[in-house]
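The listed protein sequences derive, respectively, from chains A and B. For the first sequence, counting from 1, position 45 maps to 45 in the working numbering; every step adds exactly one. Heads up: take any position in the second sequence, counting from 1, add 1000, and you land on the working numbering. Glycine included, each C-beta is placed from N, C-alpha and C at the ideal position.
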Amino acid sequence: MAEADFESRLLRMFDQPPPLADAELFSRRVEARLDRGWSLRQLMIGVAGVAGGVIAAVQMMGSGLMPELTEASARGTSLISGEISEAWRSTAALEAMPLSGEVLWMAAAMGVMALAFAVTRAVEEF
Amino acid sequence: MQQTRQIAGLHDIELAALAAAGDRPAFGELVRRHGSAVRGLLRRMGAEASVADDIAQDAFLTAFERVGEFRGEGTFSAWVRRIAARLYVRRWRKEGRLQAFEDGGQEEVSGGEISEASRIDLDGALKTLSPTERMCISMCYGAGLSHAEAAEALNAPLGTVKSHVKRGLDKLRVRLAQPSDALDGRRDHG
């Protein structure tokens, strides 16, 4: 019984933290590290998003898809459906290029990740 | 300001739920509430103040990453203290200090005479234990680990941990004897 009493007393003593004068400073340091980690994460996702966007743009321009889309727009609405199918064929050609399809999809995925992050961040801020 | 006041009035479990949803101010409030308990435990385990603070910071960052796992079965403070204790043990392992457990952990403490004040002071009393006894006692009574959990974390046999706890408790019982007990003893002999 005395043993149990002593152990209970010891537990209570351990539960009482020693008074530390710089408790507030410690809290601020932890919060600063949390913020740093968060900023770094934001930066990494941003960089990934930008890199993905650039790669996607380069791939699209290199494949000749953009001029075809522009031309389709200029011909007017009556021809849009026909031009779209032509543009779609260009997309298929793009996918047929070695690695191009995979790179495009990866870039698109990174872009979507960046967009999702931006939306999450916006919801959190506002 | 309004948000700060609202956060301050919330229970730890509510704050942890907010933190799990990415609310850093809510987690900051948890750090403010329990920072000293975690730092205090690490110091009681034998860490120097600067080391204790570094590990306590790491423990809170780990806790933030894993706060979704906190189910409120124990207190938030106890949960973070367990994380901190394990991180401190990991540091011991890196520094090769866990060898002391394999050697039997019978090393003596160079603490000199025990002051009168240390008789009623846990921090002072813990300093009279060997590092391994202090580690085991703090893990079991400060971090709330069972003997088996402490043995696993320390990678030491269960029997060894139990022995350290027993020896440590015996020493603490003497060191933490109430002054009134001592006075009674003096009266009996006087």
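| query | result |
| --- | --- |
| If distances are taken between C-alpha atoms only, which option among A:Ser81, A:Ser27, A:Ala108 comes closest to Ala48 (chain A)? | A:Ala108 |
| Checking 9 Å against the spacing of the C-beta atoms, do Ser1036 (chain B) and Ala32 (chain A) come in under that value? | no |
| Rounded to whole angstroms, what's the CA-CA distance from Glu3 (chain A) to Ser1163 (chain B)? Just pull it up for me. | 16 Å |
| Are any of the Cβ atoms in chain B nearer than 9 Å to that of Ser27 (chain A)? | yes |
| Tell me the rounded alpha-carbon separation between Ser8 (chain A) and Tyr1141 (chain B). | 9 Å |
| For chain B, check one thing: does any of its Cβ atoms lie closer than 9 Å to the Cβ of Phe117 (chain A)? | no |
| For a contact defined as C-beta to C-beta under 9 Å, what are the partners of Asp1053 (chain B) on chain A? | Asp22, Phe26, Arg29 |
| Comparing the C-beta of Ala1017 (chain B) with each C-beta of chain A, is any distance below 9 Å? | no |
| So the candidates are B:Ser1130, B:Ser1138, B:Glu1095; which of them puts its Cα closest to the Cα of Val1038 (chain B)? | B:Ser1138 |
| Which of helix, strand or coil does DSSP assign to Glu1014 (chain B)? | helix |
| Spell out whether any CB of chain B is found under 9 Å from the CB atom of Leu43 (chain A). | no |
| Give the residues from the stretch 1141–1165 of chain B that approach chain A closer than 7 Å (Cβ to any Cβ), ordered along the chain. | Tyr1141, Gly1142 |
| Can you tell me whether DSSP reads Leu1183 (chain B) as helix, strand or coil? | Note that Leu1183 (chain B) has pLDDT 42, beneath the 50 cutoff, so the model's placement of it is unreliable and the number below is only indicative. Helix. |
| In angstroms with no decimal places, state the Cα-to-Cα distance between Arg1173 (chain B) and Arg1167 (chain B). | 10 Å |
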